[in-house]
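>
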Amino acid sequence: NRAMLDQPGSLDRFVREIQSAARLQHPNVVTAYSASLLGDLLVFAMEFAPGEDLGRVVAAAGPLPVQNACYYVQQAANGLQ
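Counting the sequence shown from 1 gives a position; my numbering is that position plus 1.
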């Protein structure tokens, strides 16, 4: 978002976030590979994670069963740990 990148310090902050993400090594966290300027935009490349977006699954099928929701929360927590 160009408007966000025009805010003071946002470009440096974004680059630092990508560099930090690139150092993460965990099966529950996608790997960030690089960040670069493409014209006047800052873009980054990250690992492709096959599968469906959880938000789309819930939008299409409704709330998850508790057991499934707990499993997904546990996976996210493992990645954050």
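Every residue gets a Cβ at the ideal spot worked out from N, C-alpha and C, and that includes glycine.
(1) Hey, how far is the Cα of Asp41 from the Cα of Ala61?
(2) Can the beta-carbon of Val31 be found less than 7 Å from the beta-carbon of Glu48?
(3) Can you tell me the Cα-Cα spacing of Leu38 and Phe15, whole angstroms?
(4) How many Å lie between Val59 and Asp7 at the Cα?
(5) Please work out which residues of its chain come closer than 8 Å, Cβ to Cβ, to Asn29, disregarding the five sequence neighbours upstream and downstream, and give them in chain order.
Taking the geometry as given:
(1) 36 Å
(2) yes
(3) 12 Å
(4) 35 Å
(5) Gln76, Ala77, Asn79 and Gly80
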